[in-house]
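Residues in the sequence shown are numbered consecutively from 0, following numbering that gives the first Met the number 0. Ideal Cβ positions, reconstructed from N, Cα and C, are used throughout, including at glycine.
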Amino acid sequence: MTTVRPQAQEPLPPAAELRRQVAQLLVIRGSGHLGDGQRRYPRWELENATLKRLLAEGVGGVILLGGSAAELRLRCEQLRSWSEQSLLICADVEEGVGQRFEGASWLVPPLAVGRLHRSDPERALSLARRYGHCTGRQARQLGLNGVLAPVCDVNNNSRNPVINVRAWGETADTAAALAVAFLEGAQAEGVLCCAKHFPGHGDTSDDSHLELPRLPHGRERLEAIELPPFRAAIAAGCAAVMTAHLQLDALDPLRPATLSRSVLTGLLRQELGFTGLVITDALVMEAIASRWGAAEAAVLAFEAGSDLILMPADADAAIEGLVEAFSSGRLQLEQLHQSLRRREQALAEAGSQAPAASLAPLEELSELETPQDQALARELVEMSLDTRGPQGLPAGPGVNLIRLDNSLNCAFLPTMAPALLRPAAAGYQCCLLDARGPSPWSGNADAPLALERLPDGPLFLQLFVRGNPFRGSAGSDEPWPAVIRQLLRVGRLAGLTVLGSPYLWEALEPLLPSAIPAGYSPAQMPLAQAVLLSRLGLAAGTIAEGGFTD
0 MTTVRPQAQE PLPPAAELRR QVAQLLVIRG SGHLGDGQRR YPRWELENAT LKRLLAEGVG
60 GVILLGGSAA ELRLRCEQLR SWSEQSLLIC ADVEEGVGQR FEGASWLVPP LAVGRLHRSD
120 PERALSLARR YGHCTGRQAR QLGLNGVLAP VCDVNNNSRN PVINVRAWGE TADTAAALAV
180 AFLEGAQAEG VLCCAKHFPG HGDTSDDSHL ELPRLPHGRE RLEAIELPPF RAAIAAGCAA
240 VMTAHLQLDA LDPLRPATLS RSVLTGLLRQ ELGFTGLVIT DALVMEAIAS RWGAAEAAVL
300 AFEAGSDLIL MPADADAAIE GLVEAFSSGR LQLEQLHQSL RRREQALAEA GSQAPAASLA
360 PLEELSELET PQDQALAREL VEMSLDTRGP QGLPAGPGVN LIRLDNSLNC AFLPTMAPAL
420 LRPAAAGYQC CLLDARGPSP WSGNADAPLA LERLPDGPLF LQLFVRGNPF RGSAGSDEPW
480 PAVIRQLLRV GRLAGLTVLG SPYLWEALEP LLPSAIPAGY SPAQMPLAQA VLLSRLGLAA
540 GTIAEGGFTD
């Protein structure tokens, strides 16, 4: 009988070198702002001293959010100066760089293009490709080399609380075609793209930022719906794939996809043939963090087949956990070397594809958003609008009732936003509804809105509702159909806009009489507000929208 001996592990490098190699696998969170006091989310965004130390110790990547485009350009230079190696500097810019960094192009959510694909697939494909070029070029010019997009999830669940309008389609064919068009445009600009969230987060009704979703689907269903967009992205040369924090019992009854060797190595690597970078979704999300410590989560993710560990709850603990796992033989050094080679190759290929003069000179940042970018942003908004009814609101005084998630941290509703100023010019007083204010609900199912708590007069209802991380719903848990019927009964509904979820608009639009002005936009930013309100007869005044400062 022949005895099979276990393969001997190669000798460990010196402790300091092993730690530096392991550190390259981490992507940590930082603010796009330069100063610690400007951090928007200090719970997750490391302070500069810690960032500087970790980068000096070899951490290989940073994910950024917040700040202006010009500040991002300086921030990327600063981060690179703190590191002695090539860095992956990335951002979640699924809706254009301006979604996260002011001064760049903020584009409509991808699902708007997905819905156009039903009636005009050629135009939709062209727009998705231009969308990718715009996003990739602006990201590269500002110093980013990673774009954590496209979303390859198929949003076939209208109650999905976290994907929603972020998806490129509601069918596998549409999501695949448009995601590929986007990534081809973006990667041609010299950034690496990341298809997410594997093996598919589109049919969940739970938010993985808050809990672990479970999907009952078998392999046949996954092959028909969830996997085709990822297969297409891989075939198109997508540089990276991001994992999903969800449980698929048919693939692995014990661990979520992010920590499952069956999913990441068996399905993604071996069956789908993906040879690029596998990056986890953020390990600070409750689907993972509430069940595993920072060290064990990082080890399990790498053991499953991940190359890069995104946003561990504790970077130092994650590094130490991985070092211990390699030192003890739980993890093999060859896997570490494979991941480091994939990382180096991905960054080199992105750089080799970058057009000449990749970084925009600081003096040219005022021209970052070209006339072509501005035209694309407007075309996307205009093609995705749906309006009906007459123009104009009844004479004021009235109430401009705006529902939003968080009025204290709302990039799309600055002080001079059209959604605030244009109704005010018509005599409509603004009232904001969010989770921090007094409840607007009466407890009466037939008349759920407590009208006695609002000023008198006609009511213009503006609903900013979409799937957002940490909300736990996409607005379907709120009784807006009953509110519409209530306002119609008492003769107070002056008009309606829905900005965000198409599913809410589709639920409310049939309830409206033809005499009520109403409209829908999948986008929420000021440009979308301005174009939508103009269609409803609420045009800007003769003076540019604005006002005195403090």
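Taking 3 residues as the shortest admissible run, the region 11–38 contains the following complete beta strand (DSSP E) segments, listed from N- to C-terminal end: 25–30.
Glu-46 and Glu-101 have their alpha carbons spaced roughly 21 Å apart.
By alpha-carbon distance to Ile-233, the top candidate from Gly-275, Arg-218, Gln-246, Leu-335 is Gly-275. Per the C-alpha coordinates, the member of Leu-191, Thr-279, Thr-173, Ala-103 positioned closest to Pro-227 is Thr-173. When rounded, the separation of the alpha-carbon atoms in Leu-309 and Val-497 is 34 Å. Membership of Ala-249 in any beta strand (DSSP E) is not indicated, and neither H nor E is assigned to it by DSSP. Comparing alpha carbon positions, the residue from Arg-342, Gln-528, Val-26 closest to Ala-90 is Val-26. Residue Ala-517 holds the alpha-carbon nearest to the alpha-carbon of Gln-461 among Ala-517, Ala-425, Asp-445, Val-489. The alpha-carbon of Leu-537 is positioned some 8 Å away from that of Gln-390. By a beta-carbon distance limit of 8 Å, Pro-215 does not contact Ala-256. Their separation comes to about 14 Å. Scanning its chain for C-beta atoms nearer than 8 Å, with the 5 sequence neighbours on each side dropped, one finds around Leu-106 the residues Glu-94, Gly-95, Gly-97, Gln-98, Tyr-130, Cys-133, Thr-134, Leu-375, Ala-376, Leu-379, Ala-522, in chain order. For Ala-493, the three-state secondary structure derived from DSSP is strand. Inter-residue distance for Gly-168 and Leu-17 is about 43 Å (C-alpha atoms, whole angstroms). If you draw a straight line from the Cα of Pro-501 to the Cα of Pro-393, it is about 26 Å long. Secondary structure note for Asn-163: it is in no alpha helix (DSSP H), with a DSSP letter that is neither H nor E. Contact between the region 232–246 and the region 274–288 is established, with three or more Cβ pairs separated by less than 8 Å. The beta-carbon separation of Leu-258 and Ala-300, rounded to 6 Å, stays under the 8 Å limit for a contact. Comparing alpha carbon positions, the residue from Ser-289, Glu-285, Phe-325 closest to Val-298 is Phe-325.
The beta carbon of Trp-504 is closer than 6 Å to those of Val-497, Tyr-519 in its chain, skipping five residues each way along the sequence. Under a 10 Å Cβ-count criterion, Ser-351 is classified as exposed, with fewer than 16 other Cβ atoms of the shown protein chains found around its own Cβ. DSSP places Ser-118 inside the alpha helix (DSSP H), whose first and last residues are 109–118. Contact between Pro-109 and Ala-166 holds, with the beta-carbon distance rounding to 6 Å and staying under 8 Å.
The bridge partners DSSP lists for Ile-401 are Leu-431, Gln-461.
Residue range 171–186 is occupied by the alpha helix (DSSP H) that includes Ala-171. The shortest CA-to-CA distance from Gly-395 to any of Pro-512, Cys-429, Ala-529, Leu-321 is the one to Cys-429. For Ser-80, the uninterrupted alpha helix (DSSP H) segment begins and ends at 68–80.
DSSP places Asp-315 in the helix class (H, G or I) of the three-state scheme.
Between Val-92 and Val-146, the C-beta spacing is below 8 Å.
Per DSSP, the unbroken beta strand (DSSP E) holding Thr-242 starts and ends at 239–242. The residues Leu-332, in chain order, have a CB closer than 6 Å to that of Glu-9 in the same chain once the five nearest residues on each side in sequence are set aside.
In the three-state reduction of the DSSP assignment, Glu-9 falls in the coil class, being assigned neither a helical nor a strand state.
Residue environment for Asn-443: exposed (fewer than 16 other C-beta atoms within 10 angstroms of its C-beta). Straight through space, the alpha carbons of Phe-411 and Ser-30 are spaced by roughly 19 Å. With fewer than three CB-CB distances shorter than 8 Å, the region 136–155 does not count as touching the region 284–294.
Nearest to Glu-343 by C-alpha distance, out of Ser-327, Asp-306, Leu-358, is Asp-306. In the displayed model, Tyr-40 falls within coil according to three-state DSSP, outside both helix and strand.
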